[in-house]
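Here the sequence shown is numbered in numbering that gives the first Met the number 0, starting from 0 and rising by one per residue. Glycine included, C-beta positions come from ideal geometry on N, C-alpha and C. I have placed the structure first, in the form of structure tokens, so that the comments after it can refer back to it.
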Amino acid sequence: MKSSKLVSYTGLSPNHSGRRTHAIDRITPHAVVGQLSVERICGCFAGKDRQASCNYAIGADGRIGLCVDEANRSWCSSSRENDQRAVTIECASDLTEPYAMKPEVYAALVKLCADICRRNGKKRLVWIAELEKALMYEVKPDEILLTVHRWFARKSCPGNWLMERLGNLADEVNGKQGV
Ligand SMILES: [Zn+2]
Numbered sequence: 000m001k002s003s004k005l006v007s008y009t010g011l012s013p014n015h016s017g018r019r020t021h022a023i024d025r026i027t028p029h030a031v032v033g034q035l036s037v038e039r040i041c042g043c044f045a046g047k048d049r050q051a052s053c054n055y056a057i058g059a060d061g062r063i064g065l066c067v068d069e070a071n072r073s074w075c076s077s078s079r080e081n082d083q084r085a086v087t088i089e090c091a092s093d094l095t096e097p098y099a100m101k102p103e104v105y106a107a108l109v110k111l112c113a114d115i116c117r118r119n120g121k122k123r124l125v126w127i128a129e130l131e132k133a134l135m136y137e138v139k140p141d142e143i144l145l146t147v148h149r150w151f152a153r154k155s156c157p158g159n160w161l162m163e164r165l166g167n168l169a170d171e172v173n174g175k176q177g178v
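Structure, rendered in structure tokens:
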């Protein structure tokens with residue numbers, strides 16, 4: 000699977016596990032904690048000293064960057080199992096809770112999620128707010144499940160601002176299908 004054509008900057012990270020061993024059936028948006036440019040976000044993951052990365056980065060102006068090829072497993076969500084199957088997206092955000100994101104960032108996230116769905120043959124982005132229910136949910140072949148970092152680690156990520164909007168994100172992405 001080729002990465003998204005929405006990418007306008009590529010800053011590849013060495014921090015990944017190579018090809019995924021599980022087909023993509025999740026998307027995990029993160030808050031990067033800082034209103035950073037896409038170059039800065041990818042730059043954070045450029046060194047091997049920091050054992051972290053993401054597939055895509057969205058800078059504060061809404062530009063989208065590629066950090067780890069979509070076909071490869073990034074090191075992003077404190078969960079090997081999740082990262083194996085999830086496209087991970089680091090989004091520029093405020094420094095503190097609720098880690099609010101700029102309208103441009105949110106708009107780019109909607110577009111990128113819709114694009115990931117389309118290219119991976121998914122017709123519906125699914126958001127289930129309760130952790131147990133979500134992880135128990137059997138994702139159908141044409142569906143993709145939203146997951147969040149706070150389910151896998153003692154972190155606030157992606158912050159309460161985005162948490163409150165994930166239902167809306169799914170609705171917007173699903174409304175765009177087939178347009
Ligand atoms: Zn995170």
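Opposing strand residues paired with residue i [DSSP bridges]
| i | result |
| --- | --- |
| arginine 25 | Ala85 and Leu144 |
| tyrosine 136 | None; tyrosine 136 has no bridge partner. |
| leucine 65 | Thr9 and Tyr55 |
For residue i, the three-state DSSP class (helix, strand or coil)
| i | result |
| --- | --- |
| asparagine 71 | strand |
| cysteine 41 | helix |
| cysteine 90 | strand |
| glutamate 171 | helix |
| glycine 46 | coil |
| glutamate 96 | coil |
| arginine 153 | coil |
Enclosing alpha helix (DSSP H) for residue i [first to last residue]
| i | result |
| --- | --- |
| leucine 161 | 159-162 |
Range covered by the beta strand (DSSP E) that runs through residue i
| i | result |
| --- | --- |
| glycine 33 | Where glycine 33 is concerned, there is no enclosing beta strand (DSSP E), given that its DSSP letter is neither H nor E. |
| serine 16 | 15-18 |
Unbroken stretches of the beta strand (DSSP E), 3 residues or longer, contained in the stretch 103-132
123-125
Hey, is the stretch 117-132 in contact with the stretch 92-99, meaning 3+ C-beta pairs nearer than 8 angstroms?
no
Given 8 angstroms as the limit, is there contact between the stretch 70-82 and the stretch 113-121, that is, 3 or more CB pairs closer than that?
no
Please determine if the stretch 39-51 and the stretch 7-18 are in contact, where contact requires at least 3 C-beta pairs separated by less than 8 angstroms.
yes
Take every Cβ of the stretch 164-174, pair it with every Cβ of the stretch 29-38, and state whether three or more of those distances are shorter than 8 angstroms.
no
Are there three or more Cβ pairs, one per stretch, closer than 8 angstroms when the stretch 104-114 is compared with the stretch 78-85?
no
Check whether the stretch 21-35 touches the stretch 44-63, counting contact only when three or more Cβ pairs, one atom from each stretch, lie closer than 8 angstroms.
yes
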